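Student:
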Amino acid sequence: MKKMTGAYTYLTVLLIALLSYNDMMAQNTAFYPGKLWFDNNQRLINAHGGGILYHDGQYYWFGEHKGEHSNAAWVGVTCYSSSDLYNWQDEGVALAVKKDDKSPIAAGSTIERPKVIYNAATKKFVMYFHLELKGQGYDAAHVGVAISDTPKGPYQLIKNSRVNAGKWPLNVTTAQQTATDKPEDYQWWTKEWTKAIENGLFVRRDFESGQMSRDMTLFVDDDNKGYHIYSSEDNLTLHIAELTEDYLDYTGKYIRIAPAGHNEAPAIFKKDGRYFMITSGCTGWDPNAARLLTADNILGEWTLHPNPCVGKDAELTFHSQSTYILPIAGKKDAFIFMADRWKPSNPIDGRYVWFPIVFEDGMPVLKWFDKWDLSVFD
Ligand code: DGJ
116 MKKMTGAYTY
126 LTVLLIALLS
136 YNDMMAQNTA
146 FYPGKLWFDN
156 NQRLINAHGG
166 GILYHDGQYY
176 WFGEHKGEHS
186 NAAWVGVTCY
196 SSSDLYNWQD
206 EGVALAVKKD
216 DKSPIAAGST
226 IERPKVIYNA
236 ATKKFVMYFH
246 LELKGQGYDA
256 AHVGVAISDT
266 PKGPYQLIKN
276 SRVNAGKWPL
286 NVTTAQQTAT
296 DKPEDYQWWT
306 KEWTKAIENG
316 LFVRRDFESG
326 QMSRDMTLFV
336 DDDNKGYHIY
346 SSEDNLTLHI
356 AELTEDYLDY
366 TGKYIRIAPA
376 GHNEAPAIFK
386 KDGRYFMITS
396 GCTGWDPNAA
406 RLLTADNILG
416 EWTLHPNPCV
426 GKDAELTFHS
436 QSTYILPIAG
446 KKDAFIFMAD
456 RWKPSNPIDG
466 RYVWFPIVFE
476 DGMPVLKWFD
486 KWDLSVFD
């Protein structure tokens, strides 16, 4: 009898183990915003502030690798691949940090919001990211550019700098270029200072060294022109800069958007010839209300609209911050809004919040879903 009980216990444990293994191996068939999301190795997907490249029938998700204690880059930019967007395979580190402290991408530097685009003419995969040099806080405000012959990498850093040194934005007037007031003439956050920022105070300050570049995304238009969109001027003003044909440099054409509007986390898409940009306000790692901007021409004019989020916690973008908007391959007018729910006390536990973009009267609307799948677009 004792023997039988032992056998039953053994079988029960085996059954439970088998069931849990089966559960772990089960394929995802839906998105669960804000919930833990595991890769093919049953490890948490670690690709924060990310973006997605679609290439040859596969999606590649690039993002910031985060640890448990720090937001700094101790590993680099990670890559995951998927054919269905629900299930992701770990493809390892696409851009690795360097052990050499003299490298701009030294371990312990800050690497944020990586995005990758493909250049069909050069056959290179081109990664842009926000880079802060080790030990310098957020002062460098550089863009890093890295390239690879394959989507998964390894990517090699080819340069890092500020943007468009010695070039004026297209929408800065001659009076704004030649004004003589200086940042030290003002106290931050006063009305006069805000007016001065609108009038290009920081664009002039950074004219020689190049414009600051922090939160960012990339966009390739229907004519294959590439654009770098970034928070500049101490995060006070967004810029859109046109890229050269090989996507490795700037043409020198760029504009300011919403001067002094304090926008971060830009994410952009195009529908019916119109450009839509969703951004956040600027409150560190804490969530705030999203903003929506539209334009008929990517290089302006851009118009600001009310918060596109509706429902409970809409004023906090459902406790998240935009990072990318993904057009779904083969589906018309189907876009996924991708956002991060940051957790600075344990960055690796930051969650992904993805929603389908719903259109109401031609305008994008974001609503909370506990669970959804791609059939919402059918
Ligand atoms: C908010 C930005 O959107 C993030 O990418 C990051 O730079 C944090 N601020 C740092 O506080």
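Under the working numbering, the final residue of the sequence shown carries the number 493; numbering is consecutive throughout. Note that beta-carbon positions come from the ideal geometry of N, C-alpha and C, so glycine has one too. Quick caveat, the model's predicted, so the values are computed rather than measured.
1. Taking all protein chains shown into account, do 16 or more other C-beta atoms lie within 10 angstroms of the C-beta of K239, making it buried, or fewer, making it exposed?
2. Hey, which residues come within less than 6 Å of the ligand DGJ, measuring from Cβ to any heavy atom, in chain order?
3. Quick check: what's the CA-CA separation for D361 versus T265?
4. Given a threshold of 16 other Cβ atoms within 10 Å of its Cβ, counted over all protein chains shown, does H377 qualify as buried or as exposed?
5. Out of curiosity, what's the CA-to-CA distance linking K282 and M453?
6. I'd like to know whether the C-beta atoms of G164 and G178 end up nearer to each other than 7 Å.
7. Using 8 Å as the cut-off, can you tell me whether the region 435-452 makes contact with the region 392-399, which would need three or more C-beta pairs spanning the two stretches below that distance?
8. Pull up the DSSP beta-bridge partners for S346, would you.
9. Opposite M453 in the DSSP bridges: which residues?
10. From E323 to T398, what distance separates their C-alpha atoms?
11. Is L151 buried or exposed, if buried means 16 or more other CB atoms sit within 10 Å of its CB?
12. Under 8 Å: do the region 304-315 and the region 207-220 share three or more Cβ pairs, one atom per stretch?
13. Using a Cβ-Cβ cutoff of less than 6 Å, which residues in the same chain neighbour N275 once the five nearest sequence positions on both sides are dropped?
14. Taking the alpha-carbon positions, what's the V480 to D216 distance?
15. Assuming contact is defined by CB atoms lying nearer than 7 Å, are L333 and K230 in contact in what I supplied?
16. If you reduce the DSSP assignment to three classes, tell me which class E179 lands in.
17. Counting C-beta neighbours from all protein chains within 10 Å, is the total for W457 16 or more, i.e. buried, or is it exposed?
18. What first and last residue would you give for the alpha helix (DSSP H) that runs through L316?
19. Could you give the residue range of the alpha helix (DSSP H) that holds I262?
20. Tell me the rounded alpha-carbon separation between Q173 and W203.
21. Classify H343: buried if its beta carbon has 16 or more other beta carbons within 10 angstroms, exposed otherwise.
22. Please state if the CB of I370 and the CB of I355 are separated by a distance shorter than 7 Å.
23. List the endpoints of the continuous beta strand (DSSP E) containing I372.
24. Can you look up S185 in the DSSP assignment and give me helix, strand or coil?
25. Hey, quick one: how far does the alpha helix (DSSP H) through K297 stretch, first residue to last?
26. Run the CB neighbour count on R228, radius 10 Å, all protein chains shown included, and call it buried at 16 or more, exposed below.
27. Measure from the alpha carbon of A449 to the alpha carbon of each residue in T409, K385, V287 and K310, then state which is nearest.
28. Pull up the distance between the alpha-carbon of K486 and that of F146, whole angstroms please.
Tutor: Let me lay it out:
1. buried
2. G164, E227, R228, D330, E379, A380, G399, W400 and Q436
3. 16 Å
4. buried
5. 33 Å
6. yes
7. yes
8. L353
9. M453 is bridged to Y439 and W469.
10. 29 Å
11. exposed
12. no
13. P219, L246, H257 and G259
14. 45 Å
15. yes
16. strand
17. buried
18. L316 to R320
19. Note, I262: premise wrong, no alpha helix (DSSP H); beta strand (DSSP E) at H257 to S263.
20. 11 Å
21. Flag for H343 reads buried.
22. yes
23. Y365 to I372
24. coil
25. It is not in any alpha helix (DSSP H) - K297 carries neither H nor E in the DSSP assignment.
26. buried
27. K385
28. 6 Å
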